[in-house]
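Number of protein chains: 2
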Amino acid sequence: MSPSSPQRITLIGLGTIGMSMAALHLTRDNTIVHVFDTRPDFEQYLLKTLPNFLADPNPELGSDSSSSKVASLISSGRLRIHSELETACASATIVQEQGPENLAFKQSIWKKVESAAPASAHFWTSTSGIAASAQQQDMKDKTRLLVVHPFNPPHIMPLLEIVPAPETSPERVEFAREYFSLPGSRHRPVVIRKEIPGFVGNRLAFALLREACFLVQEDVVTAKDLDTILMASLGPRWAGNGVFESYQQGGGEGGIKAFLEKLQSTMQEVWNGLGNVNVQGEHGTEWKEKVIKQTNEAYGTLTPEQTREKEERLRDFIRAQTRTYGQ
Amino acid sequence: MSPSSPQRITLIGLGTIGMSMAALHLTRDNTIVHVFDTRPDFEQYLLKTLPNFLADPNPELGSDSSSSKVASLISSGRLRIHSELETACASATIVQEQGPENLAFKQSIWKKVESAAPASAHFWTSTSGIAASAQQQDMKDKTRLLVVHPFNPPHIMPLLEIVPAPETSPERVEFAREYFSLPGSRHRPVVIRKEIPGFVGNRLAFALLREACFLVQEDVVTAKDLDTILMASLGPRWAGNGVFESYQQGGGEGGIKAFLEKLQSTMQEVWNGLGNVNVQGEHGTEWKEKVIKQTNEAYGTLTPEQTREKEERLRDFIRAQTRTYGQ
Numbered sequence: 001m002s003p004s005s006p007q008r009i010t011l012i013g014l015g016t017i018g019m020s021m022a023a024l025h026l027t028r029d030n031t032i033v034h035v036f037d038t039r040p041d042f043e044q045y046l047l048k049t050l051p052n053f054l055a056d057p058n059p060e061l062g063s064d065s066s067s068s069k070v071a072s073l074i075s076s077g078r079l080r081i082h083s084e085l086e087t088a089c090a091s092a093t094i095v096q097e098q099g100p101e102n103l104a105f106k107q108s109i110w111k112k113v114e115s116a117a118p119a120s121a122h123f124w125t126s127t128s129g130i131a132a133s134a135q136q137q138d139m140k141d142k143t144r145l146l147v148v149h150p151f152n153p154p155h156i157m158p159l160l161e162i163v164p165a166p167e168t169s170p171e172r173v174e175f176a177r178e179y180f181s182l183p184g185s186r187h188r189p190v191v192i193r194k195e196i197p198g199f200v201g202n203r204l205a206f207a208l209l210r211e212a213c214f215l216v217q218e219d220v221v222t223a224k225d226l227d228t229i230l231m232a233s234l235g236p237r238w239a240g241n242g243v244f245e246s247y248q249q250g251g252g253e254g255g256i257k258a259f260l261e262k263l264q265s266t267m268q269e270v271w272n273g274l275g276n277v278n279v280q281g282e283h284g285t286e287w288k289e290k291v292i293k294q295t296n297e298a299y300g301t302l303t304p305e306q307t308r309e310k311e312e313r314l315r316d317f318i319r320a321q322t323r324t325y326g327q
Numbered sequence: 001m002s003p004s005s006p007q008r009i010t011l012i013g014l015g016t017i018g019m020s021m022a023a024l025h026l027t028r029d030n031t032i033v034h035v036f037d038t039r040p041d042f043e044q045y046l047l048k049t050l051p052n053f054l055a056d057p058n059p060e061l062g063s064d065s066s067s068s069k070v071a072s073l074i075s076s077g078r079l080r081i082h083s084e085l086e087t088a089c090a091s092a093t094i095v096q097e098q099g100p101e102n103l104a105f106k107q108s109i110w111k112k113v114e115s116a117a118p119a120s121a122h123f124w125t126s127t128s129g130i131a132a133s134a135q136q137q138d139m140k141d142k143t144r145l146l147v148v149h150p151f152n153p154p155h156i157m158p159l160l161e162i163v164p165a166p167e168t169s170p171e172r173v174e175f176a177r178e179y180f181s182l183p184g185s186r187h188r189p190v191v192i193r194k195e196i197p198g199f200v201g202n203r204l205a206f207a208l209l210r211e212a213c214f215l216v217q218e219d220v221v222t223a224k225d226l227d228t229i230l231m232a233s234l235g236p237r238w239a240g241n242g243v244f245e246s247y248q249q250g251g252g253e254g255g256i257k258a259f260l261e262k263l264q265s266t267m268q269e270v271w272n273g274l275g276n277v278n279v280q281g282e283h284g285t286e287w288k289e290k291v292i293k294q295t296n297e298a299y300g301t302l303t304p305e306q307t308r309e310k311e312e313r314l315r316d317f318i319r320a321q322t323r324t325y326g327q
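Taken in sequence, the protein lines are chains A and B.
Under UniProt numbering, the first sequence has 246 at position 246, and the numbering climbs by one with no breaks.
Under UniProt numbering, the second sequence has 58 at position 58, and the numbering climbs by one with no breaks.
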């Protein structure tokens with residue numbers, strides 16, 4: 001079946017990422033979304049929470065229109081709520097899980113899904129940390145499972161990291177890539193060639209975070225000032241250009257080669273001195289208390305209004321990324 | 001003299017950063033900008049190049065209006081071209097250098113500037129790598145010099161890292177911070193508390209770049225796909241939120257503390273496995289050839305039209321950062 005054909009998508013686990021994923025899939029007219037979660041008040045929770053993810057970017061329409069949108073999705077059969085995994089998976093073309101980040105849970109759920117879902121269904125895990133090759137251990141057909149790792153919030157953020165296990169079939173990788181690349185999709189799937197802890201996006205984020213924690217620990221800068229630095233320079237730069245393209249530009253006509261030659265002594269000095277702090281264990285974790293304290297003091301807890309503003313801003317950045325100028 | 005008073009700013013070194021800095025200072029009505037550079041065709045070069053930095057964001061006005069803007073700045077005396085360092089500095093309230101990144105050059109230029117400029121003038125260096133404490137060695141009054149490190153292009157990018165040496169006077173640090181914080185300024189100066197190689201912005205950038213080079217070397221991802229990943233996730237996230245604020249949000253009600261607890265095993269695994277590649281020396285530099293080749297193939301050299309589009313996009317991101325929604 002082609003990725004552009006009507007799909008029946010079963011979502012397992014409807015926490016924040018799951019709700020956002022439901023909103024993502026429901027923006028397509030030809031999907032039916034089956035949802036399953038083990039929380040006892042699941043239906044009420046969904047009716048209360050999903051409207052926030054379907055909210056029209058135009059705030060004047062308010063959340064009333066989103067609530068009635070959920071009711072109409074249910075009454076038209078495009079959104080179906082399940083209390084049993086088996087019935088949720090019975091007719092699926094795609095099963096996607098956003099359950100707990102726990103290897104035993106993942107292995108057990110895929111074993112169950114495999115016996116409940118049609119033999120052709122695609123299996124996607126939204127994990128941020130557990131490779132498909134580890135999750136598929138108890139499956140009979142190991143070619144069906146792959147990681148589709150979203151960035152929060154997936155209904156707005158364009159990236160999906162598609163990370164196959166060595167045993168995943170290339171056709172299933174291509175199906176997932178095409179599904180998120182269909183005309184009208186605002187998403188940008190990227191296939192990662194090898195399984196590696198943290199995949200690519202979080203490895204890059206955590207590399208920067210480690211140095212950020214070190215700089216706060218050493219009192220070079222406060223947590224809030226470091227955030228200002230990032231927002232006033234690298235954030236907008238990397239929203240418009242990747243890191244390699246930025247340095248290709250930075251080197252002028254000589255490109256990244258000239259850039260690396262010009263900056264090499266500062267760069268090597270920085271690389272040699274990067275902070276080797278830890279997040280686990282007893283050594284190198286002195287930064288934690290300072291970072292947590294300064295971050296809490298700077299930001300507290302976000303109000304729903306602040307969250308909405310941040311989502312609108314994120315949408316603006318993403319719109320600007322694809323705008324063509326001077327026409 | 002207060003930072004909001006009329007300033008006479010002398011710029012030494014009018015390469016790309018210097019031209020952009022001239023454009024930045026000239027957007028204020030009460031500045032007179034003196035420019036000095038040793039290239040023999042300096043005046044012709046300036047007349048040809050500066051219009052690109054003064055270009056109105058509205059492309060319909062075209063570059064003709066920018067060229068005539070430069071002519072009118074010169075005839076009104078707001079922009080003054082010098083062929084001698086001494087006359088360029090003679091009446092300055094601020095002297096800012098963007099010369100070669102070479103310690104001997106910087107030490108020698110500040111010694112000359114100190115004897116040519118009024119005793120009250122502020123001395124700013126736009127260096128990205130040479131600390132003020134090293135540059136000031138041959139100066140009589142070491143309290144006057146500090147780093148004002150811009151991000152490219154400074155006439156658009158909001159960040160200025162202000163990095164004093166231990167001997168720089170706090171009043172001179174505050175003057176620079178206030179100058180770039182005046183009402184109407186689109187800039188965001190941040191004072192760094194300790195001199196450290198790469199300051200903060202480039203340390204964060206180089207920490208991420210090192211891992212990016214490692215991932216390309218290991219064939220986990222191509223240079224172009226890595227750039228797509230960054231632009232489709234971390235770029236727009238960090239344009240809207242710093243890294244600490246993002247994880248404060250990511251942890252929900254428990255904030256960054258809860259986030260670190262939840263993600264700690266993946267994070268530590270990633271930190272333990274970050275690539276230790278080098279940019280200098282013979283070991284760990286295998287990535288270079290691959291990264292340069294893939295980057296050249298992906299991007300080539302930017303056309304002037306592409307550069308203009310990228311600058312417009314950057315302006316859009318920066319405008320979105322300060323927009324208020326829902327009003």
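Ideal Cβ placement from N, Cα and C applies to all residues, glycine included.
Member of the options whose CA lies at the smallest distance from the CA of residue i
| i | options | result |
| --- | --- | --- |
| residue 279 (chain A) | A:207, A:130 and A:180 | A:207 |
| residue 43 (chain A) | A:27, A:55 and A:71 | A:71 |
| residue 78 (chain B) | B:94, B:268 and B:35 | B:35 |
| residue 295 (chain B) | A:243, A:303 and A:265 | A:243 |
| residue 178 (chain B) | B:189, B:85 and B:166 | B:189 |
| residue 309 (chain B) | A:303, A:299, A:254 and A:241 | A:241 |
| residue 86 (chain B) | B:100, B:117 and B:69 | B:117 |
| residue 40 (chain A) | A:83, A:33 and A:52 | A:83 |
| residue 223 (chain A) | A:103, A:293, A:314 and A:140 | A:293 |
| residue 184 (chain A) | A:9, A:322, A:20 and A:37 | A:322 |
| residue 31 (chain B) | B:94, B:291, B:319 and B:192 | B:94 |
| residue 313 (chain A) | A:102, A:103, A:236 and A:141 | A:236 |
| residue 81 (chain B) | B:9, B:16 and B:169 | B:9 |
| residue 196 (chain A) | A:128, A:245 and A:170 | A:128 |
| residue 152 (chain A) | A:225, A:192 and A:202 | A:202 |
| residue 340 (chain A) | A:54, A:75, A:265 and A:7 | What is shown of chain A runs 1 to 327, which leaves residue 340 (chain A) out entirely. |
| residue 219 (chain A) | B:234, B:219, B:191 and B:220 | B:191 |
Same chain only: Cβ atoms within 6 Å of residue i, ignoring 5 sequence neighbours per side
| i | result |
| --- | --- |
| residue 256 (chain A) | 247 and 248 |
| residue 18 (chain A) | 11 and 98 |
| residue 113 (chain B) | 89 and 95 |
| residue 164 (chain B) | 146 and 173 |
| residue 131 (chain B) | 195 |
Other residues of its chain near residue i: CB distance less than 7 Å, five sequence neighbours each side excluded
| i | result |
| --- | --- |
| residue 272 (chain A) | none |
| residue 97 (chain B) | 12, 13, 109, 125 and 126 |
| residue 287 (chain B) | 213, 214, 216, 217 and 277 |
| residue 158 (chain A) | 186, 187, 188 and 318 |
| residue 172 (chain A) | 122, 143, 144 and 146 |
| residue 73 (chain A) | 26 and 79 |
| residue 5 (chain A) | none |
| residue 45 (chain B) | 39 |
| residue 168 (chain B) | 132, 143, 145 and 146 |
Expected contact under 8 Å - CB spacing of residue i and residue j to nearest Å
| i | j | result |
| --- | --- | --- |
| residue 47 (chain B) | residue 22 (chain B) | Actually they are not in contact, since the Cβ atoms of residue 47 (chain B) and residue 22 (chain B) sit about 12 Å apart, beyond 8 Å. |
| residue 232 (chain B) | residue 316 (chain A) | Not really, about 15 Å apart at Cβ, beyond 8 Å. |
| residue 105 (chain A) | residue 161 (chain A) | In fact, because the Cβ distance is near 21 Å, the residues do not count as touching under 8 Å. |
DSSP beta-bridge partners of residue i
| i | result |
| --- | --- |
| residue 98 (chain A) | DSSP output for residue 98 (chain A) lists no bridge partner at all. |
| residue 147 (chain B) | B:125 and B:163 |
| residue 35 (chain A) | A:11 and A:81 |
| residue 190 (chain A) | A:161 |
Contacts around residue i, its chain only, beta-carbon distance under 8 Å, and the 5 residues preceding and following it disregarded
| i | result |
| --- | --- |
| residue 175 (chain A) | 3 and 122 |
| residue 27 (chain A) | 155 |
| residue 138 (chain B) | 107, 108, 110 and 111 |
| residue 103 (chain A) | 130, 134 and 135 |
heavy atom of the ligand SAH below 7 Å from residue i C-beta
| i | result |
| --- | --- |
| residue 178 (chain B) | Looking for the ligand SAH in the displayed structure turns up nothing, as the structure carries no ligands at all. |
(request) Give, in chain order, every residue of the region 176-200 of chain A whose Cβ lies closer than 7 Å to some Cβ of chain B. (result) 188, 190, 192, 193, 194, 196, 197, 198 and 200
(request) Check each residue of the region 74-104 of chain A: if its Cβ is closer than 7 Å to any Cβ of chain B, include it; give the result in chain order. (result) none
(message) Using a Cβ-Cβ cutoff of 8 Å, what residues of the region 236-249 of chain B are near chain A? List them in chain order.
(response) 236, 237, 238, 239, 240, 241, 242, 243, 244, 245, 247, 248 and 249
(request) Would you list, in chain order, the members of the region 272-295 of chain A that have their beta-carbon closer than 9 Å to a beta-carbon of chain B? (result) 272, 273, 274, 275, 276, 277, 278, 279, 280, 281, 288, 291, 292, 294 and 295
(request) With 9 Å as the C-beta to C-beta threshold (strictly closer), list the residues of the region 220-237 of chain A near chain B in chain order. (result) 220, 221, 222, 223, 224, 225, 226, 227, 228, 229, 230, 231, 232, 233, 234, 235, 236 and 237
(message) Can you pull out the residues from the region 125-149 of chain B whose beta carbon lies closer than 7 Å to at least one beta carbon of chain A?
(response) 128 and 129
(message) If the cut-off is 9 Å on Cβ atoms, which residues from the region 27-44 of chain B count as contacting chain A, listed in chain order?
(response) none
(request) Using a Cβ-Cβ cut-off of less than 8 Å, list which residues of the region 153-178 of chain B approach chain A; keep chain order. (result) 157, 158, 159 and 161
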